[in-house]
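Trainee: Just so you know, we're using my numbering here: the sequence shown kicks off at 36 and counts up by one.
Yeah, the Cβ is synthetic: ideal placement off N, Cα and C, and Gly gets one too.
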Amino acid sequence: IALLEAEMTKLDVLKYLVAAEESYARWGFEANGEFGATNLHAAIFTGAPIEWNSIGVLQDVTVRLVGERLLPSTYRGGTYLQGEISAWQLFVHPPLLTHH
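1. Just how far apart, CA to CA, sit T109 and V92?
2. Could you check how far apart the C-beta atoms of H76 and L52 are, in whole angstroms? I think they sit under 8 angstroms.
3. Terminal residues of the continuous alpha helix (DSSP H) containing L49?
4. When you compare each of E103, K45, L106 and R111 to A72 by their alpha carbons, which one comes out closest?
5. Quick one: is D3 buried, meaning 16 or more other Cβ sit within 10 Å of its Cβ, or exposed?
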């Protein structure tokens, strides 16, 4: 869920989830409680917020962080996207001997 309005509260998010839950049958979903508004709300606010960044190299990191939230906790922090800047191997050459 993207909080598009800075003033949006956790209660506002719950209201949107309750409204969505009321449409489950129309969308072809079963309302079995597991994905009910209350459970989804609790899951959304369990971890620290992930800030969306639309700058290309940082967007990859944001997408990975969102995806990791869907994985079991044992896999979190151990994933990367191919070409992601945080997975680059950097090498710094030692200074030249003639440098003063």
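Mentor: With the given structure in hand:
1. Cα atoms of T109 and V92: separation of roughly 25 angstroms, rounded to the nearest angstrom.
2. For H76 against L52, the beta-carbon gap comes to about 6 angstroms, under 8 angstroms, which counts as contact.
3. Per DSSP, the unbroken alpha helix (DSSP H) holding L49 starts and ends at K45 to E56.
4. The residue with the shortest Cα to Cα distance from A72 is K45.
5. This structure gives no information on residue 3, because the portion of the chain shown stretches from 36 to 135.
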